[in-house]
Every structure is written in C-alpha cells, then in structure tokens.
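Colleague: The sequence shown begins at 1065 in the numbering used here and counts up by one. Dropping a structure here in structure tokens format, bear with me for questions.
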Amino acid sequence: MPVDAAPAAETAQAKRTYTATLTIEESTSPLGEVTYVARSSPLQDVAEPTVPTAFRERMRERRQRYVEERAGGEMWAISVKRQRKLKMKKHKYKKLMRRTRNLRRRLDRN
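Below is the structure:
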C-alpha cells in the first residue's frame, strides 16, 4: 500500500442529510414579559437522489408526504346545516364578485 493512499481514505467523508421542523412559540405574560419556547420534530433521514427527478414525480412525492402527515391528525365532521350555511356564504360571495366585476375593472384602470 502506498504511503499517500492511507490519508486519502481517511479524508473521504460520508455525508447524510436530515430534515426537521422547528416551531418557535412566543408568549407574553400579563406583566409584559415575553418568553419563547422552541420545539422541533424528530429528525428524518433524507435520501439524496443521484439523478434529478421529474417535476411530476416530485409533486407526487410531496403530495404523498402531505397525506401521510395529515393522516395522524383528527378529522372533524361538520353538520349538514353548517355545510349548507358555508355553501350559501360561498354562493353569495361569488354572486357579489360577479355583480361588481365591471366596477372593479374600471377602478383598477385609474
């Protein structure tokens, strides 16, 4: 083994990447004292892709990660009455936007 081969092997480093989410919470006491609390999610090992992935593939993976993160949360069911109320609210807003469309366009021109 040549003399220069040993130091070259020692200098080669293994690189690993991790991700975590950092959440900082600010709270103010009645006396006006501000305190900060930091929390982080567990580290997750990230596999480094060797070949660039296609856009659609990245979007599919991102969507899959989002669905998996949401799966742990709770689902809240809302009543039919509230659903109808929200639908009506949306309908009225869209109707207002339709009625005032030309006015908003004219105001944007000036």
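The C-beta atom is built at its ideal place from N, Cα and C for all residues, glycine as well.
Do L1086 and A1102 have their C-beta atoms within less than 8 Å of each other?
Modeller: Within the sequence shown, numbered from 1, the residue matching residue 1086 stands at position 22. Within the sequence shown, numbered from 1, the residue matching residue 1102 stands at position 38. Yes, these two residues count as a Cβ contact at 8 Å.
Colleague: Look up D1109 in the DSSP assignment and give the residues it is bridged to.
Modeller: If you number the sequence shown from 1, residue 1109 lands on position 45. Paired residue(s): Y1082.
Colleague: Quick check on this structure: which residue in R1129, W1140, K1159, Y1100 has the alpha carbon closest to the alpha carbon of E1089?
Modeller: Residue 1089 sits at position 25 when you count from the first residue of the sequence shown. Of R1129, W1140, K1159, Y1100, the residue nearest in Cα terms is Y1100.
Colleague: Just the Cα atoms here: how many angstroms apart are S1091 and V1098?
Modeller: Here the question's residue 1091 lines up with position 27 in the sequence shown. Here the question's residue 1098 lines up with position 34 in the sequence shown. The straight-line gap from Cα to Cα measures roughly 6 Å.
Colleague: Is DSSP giving E1097 helix, strand or coil here?
Modeller: Counted from its first residue, the sequence shown places residue 1097 at position 33. Coil at E1097, not helix or strand.
Colleague: Consult DSSP for A1135 and reduce its assignment to one of helix, strand or coil.
Modeller: Position 71 of the sequence shown, counted from the start, is the residue given in the question as residue 1135. Of the three classes helix, strand and coil, the one that applies to A1135 here is helix, per DSSP.
Colleague: Can you give me the C-alpha to C-alpha distance between S1104 and Y1082, rounded to a whole angstrom?
Modeller: As a first step, residue 1104 is located in the sequence shown; it is residue number 40 there, counting from the start. As a first step, residue 1082 is located in the sequence shown; it is residue number 18 there, counting from the start. So the two alpha carbons sit approximately 13 Å from each other.
Colleague: Just the C-alpha distance for K1079 and K1153, rounded to the nearest angstrom, thanks.
Modeller: Reading the sequence shown from its first residue, position 15 is the one you call residue 1079. Reading the sequence shown from its first residue, position 89 is the one you call residue 1153. Near 53 Å, if we compare the C-alpha coordinates of K1153 and K1079.
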